[in-house]
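Undergrad:
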Ligand code: HAM
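In my numbering, the protein residues as written are 27 to 600.
Laid out in structure tokens, this is it:
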């Protein structure tokens, strides 16, 4: 039970973003949007949860993300009403539609009310009741087929009975009407439900559809490619340039710069080969755009690390060689790397374990196993970056933690832990990305090579904050300071509250930012509150209301003036 000394808190690894910090987030996002629009990107918003198999297939079963970090659940069994009705009817229906045998039912008749009842989720049937040996009487019965018994289901049956009895055309006006709820055998009968004169019948069978396996998205590339396939975006023949801003979820060990709900600003460029989606120019353009974005955001000391992991075939070849090279030294590696050496040897390369670094550096480099076309592709990416003057370093170990990558992979980092310019602790990758030429096919789509990236927005913000603090810069924004409102309206006495709100409405509609105090505040308290949040205080007392001339004080100058209400908006604005 939460108590005042132990109140409920945000879940570990999640956090609230509050003003004024959210203003910085908005500024970052608006700069990103502005850059994206200059490079011809449009926004895509995909669902926050997807079918689990999307990530298993796209990101890769053996990756850390899929094997350990996803928030996955079986979405509740879905009740199949039609199946329950069909089975029940099969078990109960009379063979002879004209004659209802004892206990058997006959579903027909009462067209005048049947439709209305169906809308309420209720079926109308006739049942043969044996009132004396061999004497049958037909009774009308209203039946609701549900996954369980609820007060609502009972209420609806009662209402249906009133409806049936009041319908002049139905033949049930005078007779008895039975009420029945049919539930699956494992349906729950709530203990506190008063079933009144409702019969609850249980029927054995499978009346729940197989539930769906769902996952909170741990990243957005797979979702974007799924949407590309689902909406046949490839049919346009055009290169699709899509960006997104939104939360992602990974069950990682929380620490500074690493959260379980974090935000990404990302973009993807993909399309049919004929749209130029495979061109090294696209890779260079994306990287050049990122360099521009980080510069415009004011990020200092960023470093672009670049590599090529080759085609799918290159990777297969290289992984076999890597496996062989790891075999004799595996036992010297840490436990995690021993496991990776077995399941996903590429992951050993991006291990951060300090004790293993020397051994890993000695492993074969993927660059030596690229085929000619991958090598040429990478050379062209580097040449285009050189031509644009975007600096980079080649990191042969940069293979990235998701399985869909082919050819170009990259990360932008800022100096790591201990360096005040980072603000990220040990998490120094601001963003990561790469090419994924086979992802669309892996998800059952057409060939659609692509390249993209995702910026960790939380890390970007931490870096901006650390960099401006470390270099004693004014935080680049007035964003970090609360922005002062144009006016604070102070009603004198609660009876002036309504007029204060009306005045605020008038000013706000004229485009001004306004806060309204409360008539119970003493004047001194109103002045203090107003000085904190606004540039002017507008006093609304009895005289002001009667005369329509208001008293306004400007805090910056200390000046106090009388202004007619009609001129107020203009005066406050200047
Ligand atoms: P990723 O490297 O897994 O790539 O994530 C991209 C960025 O998201 C990381 O560089 C980091 O800044 C941020 N990030 C990841 N996990 C966390 C976390 N737990 N807390 C805070 N920030 C985090 C992808 O997600 C790919 N979808 C990128 C991509 C797009 N590749 C091609 N297109």
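The beta carbon of each residue, even a glycine, is placed where N, CA and C say it ideally should be.
Just to confirm, are residue 211 and residue 230 a CB contact at a threshold of 9 Å?
TA: yes
Undergrad: From the DSSP output, which residues share a beta bridge with residue 32?
TA: 29
Undergrad: If we call anything under 9 Å between Cβ atoms a contact, is residue 440 one with residue 454?
TA: yes
Undergrad: Is residue 246 near the ligand HAM, in the sense that its beta carbon is under 8 Å from a heavy atom of that ligand?
TA: Within the chosen limit of 8 Å, the ligand HAM reaches the beta carbon of residue 246 through at least one heavy atom.
Undergrad: Out of curiosity, what's the CA-to-CA distance linking residue 284 and residue 42?
TA: Roughly 14 Å between the two C-alpha positions.
Undergrad: Contact between the segment 310-318 and the segment 55-68: three or more CB pairs below 8 Å?
TA: Touching, yes.
Undergrad: Tell me whether residue 126 sits in a helix, a strand or coil according to DSSP, three-state version.
TA: Here residue 126 sits in coil by DSSP.
Undergrad: Report the partner residues of residue 564 according to the DSSP bridge assignment.
TA: 515, 578
Undergrad: Nearest to residue 429 by alpha carbon, out of 372, 219, 319?
TA: For the options 372, 219, 319, the alpha carbon positioned closest to that of residue 429 is the one of 372.
Undergrad: Mark residue 288 as exposed unless 16 or more other C-beta atoms lie within 10 angstroms of its C-beta, in which case mark it buried.
TA: buried
Undergrad: If you run the structure through DSSP and keep just helix, strand and coil, what is residue 99?
TA: strand
Undergrad: Relative to the C-alpha of residue 323, which residue among 50, 298, 28, 93 is closest?
TA: 50
Undergrad: Mind checking whether the beta-carbon of residue 427 lies closer than 8 Å to any heavy atom of the ligand HAM?
TA: yes
Undergrad: Look at the alpha carbon of residue 350 and the alpha carbon of residue 248, and state the distance between them as a whole number of angstroms.
TA: 31 Å
Undergrad: Determine the DSSP secondary structure at residue 317, reduced to helix, strand or coil.
TA: helix
Undergrad: Taking the runs of the alpha helix (DSSP H) that are 4 residues or longer, which of them lie wholly in the segment 56-100?
TA: 78-81, 90-94
Undergrad: Using 8 Å as the threshold, is the segment 338-348 in touch with the segment 383-399, meaning 3 or more CB pairs across them?
TA: yes
Undergrad: In the DSSP assignment, find the unbroken beta strand (DSSP E) run with residue 163 in it and report its ends.
TA: 161-171
Undergrad: Since residue 269 is in the alpha helix (DSSP H), which residue starts that stretch and which ends it?
TA: Segment 266-275 is the beta strand (DSSP E) holding residue 269; no alpha helix (DSSP H) there.
Undergrad: Comparing C-alpha positions only, which one of 338, 126, 425, 133 sits nearest to residue 465?
TA: Looking from the CA of residue 465, the closest CA among 338, 126, 425, 133 belongs to 338.
Undergrad: Classify residue 182 as buried or exposed, calling it buried when 16 or more other Cβ atoms lie within 10 Å of its own Cβ.
TA: buried
Undergrad: When you compare only the Cα positions, how much space is there between residue 14 and residue 274?
TA: Residue 14 cannot be examined here, being either before or after the span of the chain that is shown, 27 to 600.
Undergrad: From 385, 291, 462, pick the residue whose C-alpha is nearest to that of residue 60; which is it?
TA: With distances taken between Cα atoms, residue 60 lies closest to 291.
Undergrad: Determine the burial state of residue 258: buried for a count of at least 16 other Cβ atoms within 10 Å of its Cβ, exposed for fewer.
TA: exposed
Undergrad: Provide the residue span of the alpha helix (DSSP H) that contains residue 523, from first to last.
TA: 523-535
Undergrad: If you follow the beta strand (DSSP E) that residue 329 is part of, which residue opens it and which one closes it?
TA: 329-334
Undergrad: Closer than 8 Å to a non-hydrogen atom of the ligand HAM - does that hold for the CB of residue 455?
TA: yes
Undergrad: Any idea if residue 236 is buried or exposed, counting beta-carbon neighbours within 10 angstroms, 16 or more meaning buried?
TA: It is exposed - the Cβ of residue 236 has fewer than 16 other Cβ atoms within 10 Å.
Undergrad: Comparing alpha-carbon positions, which option in 243, 150, 27 lies nearest residue 92?
TA: 243
Undergrad: What number of angstroms, rounded off, separates the C-alpha of residue 559 from the C-alpha of residue 104?
TA: A straight-line Cα-Cα distance of about 52 Å links residue 559 and residue 104.
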